[in-house]
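One structure is given here, and the rest of the page talks about it.
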Amino acid sequence: MSVRSRVALGICGIVLTALLMLWAVAVYHVNALVPEAPSKVLEMGERADLGVNYFDSTYDLAPGYKLAVEKARIMTAREYLIGAGVSSSDIKGEEMTESSGADVLVVTLVIANEGTASAEDGTSEVGVSLSRYTIVGADKSKDYQLDEELLGLAYPELAGDTAFALKPGSTYEMDVPFFLSGSPAYLETYDRQHRDPIEGNEFAMLIANSPERIFLKFAAER
23 MSVRSRVALG ICGIVLTALL MLWAVAVYHV NALVPEAPSK VLEMGERADL GVNYFDSTYD
83 LAPGYKLAVE KARIMTAREY LIGAGVSSSD IKGEEMTESS GADVLVVTLV IANEGTASAE
143 DGTSEVGVSL SRYTIVGADK SKDYQLDEEL LGLAYPELAG DTAFALKPGS TYEMDVPFFL
203 SGSPAYLETY DRQHRDPIEG NEFAMLIANS PERIFLKFAA ER
């Protein structure tokens, strides 16, 4: 390679580096101008208003709906299923063996529709969507997601759905299972022993992003 070519490449490298630095600075300033949604933390038993805050858009608003964490427990997947009245025959003969540890965070949610809108009469199509909720530990180093597999076994009336609506004036209490994000499903028998146990006992559930980030804080029993 000639000296002229090496010089040209060197200049191109310098220009590219400068452009990348300018882009990084621009992105930093743009992000700095974007206001972060304020956070609101509710204690165990306090009811959150699902008609005020939402996840992605105002379409997610559920006027009249209230949500609260009644209690929480940490247990194995087998304990959760047995407590829900599920047997091996209910899961196509799969043996409900123990996993390697207490791998399920069971949150008892109290959901109420205090409004007048109903999915049955067409006045509302919005209710509660459990799959949107995420739980973080006290140190925020780990997050926990809805265990849709266990939920479907415990609540066959949901027919595999994780979203549902309630009749006006009704209240529903349910034990909702969560597990460490990235862990295998319980019925993946070859990997069952690799489901990570739940650590700690202080948690917060994120149920809305805007205009306020709403967290339901709770402690779990073992």
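Quick note: my numbering has the sequence shown finishing at residue 244, numbered continuously throughout. Ideal placement from N, C-alpha and C gives every residue a C-beta, glycine not left out.
Collapsing the DSSP output to three states places ILE220 in coil. Under the DSSP definition of a beta bridge, SER232 partners with TYR76. Excluding the 5 residues flanking it on each side, VAL63 has same chain C-beta neighbours closer than 6 Å at PHE237, LYS239, in chain order. For TYR194, the secondary structure class from DSSP, reduced to helix, strand or coil, is strand. The residue among GLN167, SER61, ILE133, LEU180 with its C-alpha nearest the C-alpha of GLY86 is ILE133. Per DSSP, reduced to three states, the secondary structure at TYR166 is strand. Distance check between PRO178 and each of MET196, LYS189, PRO190, ASP165 places MET196 closest, using alpha-carbon atoms only. With fewer than 16 other Cβ atoms from the protein chains shown falling within 10 Å of its own Cβ, THR193 counts as exposed. Rounded to whole angstroms, GLY182 and LEU168 show a C-alpha spacing of 13 Å.
VAL126 is a Cβ neighbour of MET97, given a cutoff of 8 Å. A residue is called buried once 16 or more other Cβ atoms fall within 10 Å of its Cβ, and ALA185, having fewer, is exposed. VAL198 sits close to LEU173, with the two beta carbons spaced by under 8 Å.
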